[in-house]
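The structure appears below as structure tokens.
Residue numbers (the working numbering), protein chains in the order written: chain A, 14 to 501; chain B, 20 to 135.
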């Protein structure tokens, strides 16, 4: 059973990537729909397996670590596998309508899409530091290819810039891995943690951890290393931007979070945790402010990603040196923030793509009058915005409420300012888009009307992100599924 | 100090040189070369640092092989992107057009090789 699930999660995306490489756009689309169905079913199957038997370690192909690939399947991994299946399915569906089959290079979207999905699953399930690196690289290379799909010089410039940042981040991470291996003689995150808590290896060597966190923060676009993100996410095709903002930046953050939760207690320190938290807080404020100042619609959404990513890094100070209850609260808050941002930002980028398609311009002030003729996309954009602002009952609200409680309980009241200012500033940039769209300068409908399915997908995602606050408990219960670790 | 540590230190030095080049150089191909130099440094650290007790450790060797494959793939992608970017814009740096004078005229760019 687990053999089929693992094969489904890791092997089919790679197989589909090769298959879609061989066929044209329309055929690739058909193959992809089948593949999405398989992925969704397998992800649900994995959830059922973990819910009934608990999490487990899985040796790929029966090869023992360290030369074999060891996978760690736990509640958090299942949460992210399910989230990936949901968001990637939505983006794949949107892309199959949105992309123009007449342009021959668009057929490369499908192989890159599947390589990306394979890499994401590798990262969620990876149990050792080196395989996480391979997964990260697979994601980065596929993501860079997707950004370059736009074809013009500006898209290529953004793609090369993204690639350079991603490569530097990967190397910093890999050097950290090399140093960890040199020190501990193992690559498995669980074994390193065990060695540290046994006290058999002297703790205190923070440098490898700092190096890895630096590399991952660069790939997650933490302030002030966010320069590559807005051009890349802003210029890519809308379904690509949605995938990149919703899932790709979360992969490197997920690894950083895992490293911090496992090793941070031994190798980290108060100053390091606070420094990362402060950078996250600055990202929230600076990113939101820049989002407010942008003149292009997708740049607004891209800078909003920089801001929302900033919240994630509050995990570091809120889980260091606090009680387990507070730490759990912070972890739940961050998980909800990841999920709600993934859903809301995917909805927002897809809706923005529809709006740009309708008005034929990517400028915010070109939206004038669109509210009367294209209410649906604008409505999805607004619903997603409500979740980013953190108003109840959205997922964004539940996440920020948990973070607020964790900040107060741990006595770190200064993060309240970040949470409040971030909410107000995101309200400002969302309302600015609305203000532009409600200006009524015309009575005639001169807008292009995108197909209905393009409008439905962002609406579904936005509604899910809105409803997440109401079902936060069941969603978090997936993350809290017990871990057996017996089959090791 | 053992010979293995010497390898590791040489790797760190290579990393440093590569990082310097990666940050300071503007020409995209030079940046890419600097990235490869950094990558070699990391691999040297990986192999050198892990050989404790005089016995070669097979795990880092396997990791470095995988790492080389990843680095080759990344380099290939970067070279393709840079080449296409050069054909389209005539530029060899990431400077925004208008901010810095274009170093080579675009017409020259098309003679450089077959266009896709």
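Ideal Cβ positions, reconstructed from N, Cα and C, are used throughout, including at glycine.
For residue 49 of chain B, the enclosing alpha helix (DSSP H) starts and ends at 47-69. Beta bridge pairing from DSSP links residue 141 of chain A with A:201.
One alpha carbon belongs to residue 273 of chain A, the other to residue 205 of chain A, and they sit about 12 angstroms apart.
Counting only residues of its own chain and dropping the five nearest sequence neighbours on each side, residue 447 of chain A has no CB closer than 6 angstroms to any other CB. Within the segment 296-376 of chain A, the runs of alpha helix (DSSP H) at least 4 residues long that lie entirely inside it are, in chain order, 310-325, 328-332, 337-372. Proximity of chain A to residue 52 of chain B at the Cβ level (cut-off 9 angstroms) is not reached, the minimal Cβ distance being about 12 angstroms. For residue 17 of chain A, the closest of A:421, A:121, A:73 by C-alpha to C-alpha distance is A:73. One thing to note: residue 371 of chain A has its Cβ no nearer than 8 angstroms to the Cβ of residue 402 of chain A. Note on residue 210 of chain A: under 16 other CB atoms within 10 angstroms of its CB, so exposed under the neighbour-count rule. Straight-line spacing of the CA atoms in residue 325 of chain A and residue 254 of chain A works out to 19 angstroms.
Collapsing the DSSP output to three states places residue 115 of chain B in coil.
Distance from the CA of residue 59 of chain A to the CA of residue 15 of chain A, rounded to the nearest whole angstrom, comes to 8 angstroms. Here residue 358 of chain A has 255, 258, 259, 314, 317, 318, 321, 397, 401 as same chain residues with Cβ atoms under 8 angstroms from its own Cβ, once five neighbours each way along the sequence are excluded. CA-to-CA, the gap between residue 75 of chain B and residue 86 of chain A works out to about 32 angstroms. In this structure, residue 452 of chain A sits near residue 381 of chain A, with a CB-CB distance shorter than 8 angstroms.
If you look at residue 266 of chain A, you'll find it in the alpha helix (DSSP H) that goes 262-272.
For residue 85 of chain A, the enclosing beta strand (DSSP E) covers residues 83-86.
Just measuring C-alpha positions, the residue of B:99, B:63, B:44, B:35 sitting nearest residue 24 of chain B is B:63.
Listed along chain B, no residue sits closer than 8 angstroms to residue 39 of chain A by beta-carbon distance, the nearest being about 22 angstroms off. Taking 8 angstroms as the threshold, the shortest C-beta distance from residue 59 of chain B to chain A does not fall below it.
Here DSSP, grouped into helix, strand and coil, assigns residue 72 of chain A to strand. Looking from the CA of residue 419 of chain A, the closest CA among A:84, A:37, A:330, A:250 belongs to A:330. Around the beta carbon of residue 119 of chain A, 16 or more other beta carbons lie within 10 angstroms, which makes this residue buried. Think of a sphere of 8 angstroms around the beta carbon of residue 143 of chain A: the chain B residues whose beta carbon falls inside it are 82, 85, in chain order.
Sequence-distant partners of residue 63 of chain A (beyond 5 residues in either direction) whose C-beta falls short of 7 angstroms from its own C-beta, in its chain, are 86, 88, 91, 494. Nearest to residue 467 of chain A by alpha-carbon distance, out of A:490, A:251, A:428, A:350, is A:251.
Apart from sequence neighbours up to five positions away, the residues of its chain that approach residue 262 of chain A with a beta-carbon distance below 8 angstroms are 232, 233, 234, 242, 318, 322, ordered along the chain. CA-CA distance, residue 442 of chain A to residue 295 of chain A, rounds to 17 angstroms. Nearest neighbour of residue 411 of chain A by Cα position, chosen from A:428, A:471, A:479, turns out to be A:479.
Closer than 8 angstroms to the CB of residue 234 of chain A there is not a single CB belonging to chain B.
Residue state for residue 460 of chain A is assigned as coil, using DSSP reduced to three classes. Pairing residue 193 of chain A with residue 427 of chain A, the inter-Cα distance amounts to about 33 angstroms. Identification of chain B residues near residue 191 of chain A by a Cβ-Cβ cut-off of 7 angstroms yields 61, 64, 65, 68, ordered along the chain.
In this structure, the CA atom of residue 173 of chain A is about 42 angstroms from the CA atom of residue 421 of chain A. Below the 7 angstroms Cβ cutoff, chain A contributes 181 as neighbours of residue 41 of chain B, in chain order. Residue-level contact check: residue 56 of chain B does not touch chain A, since none of the beta carbons of chain A fall below 8 angstroms from its beta carbon.
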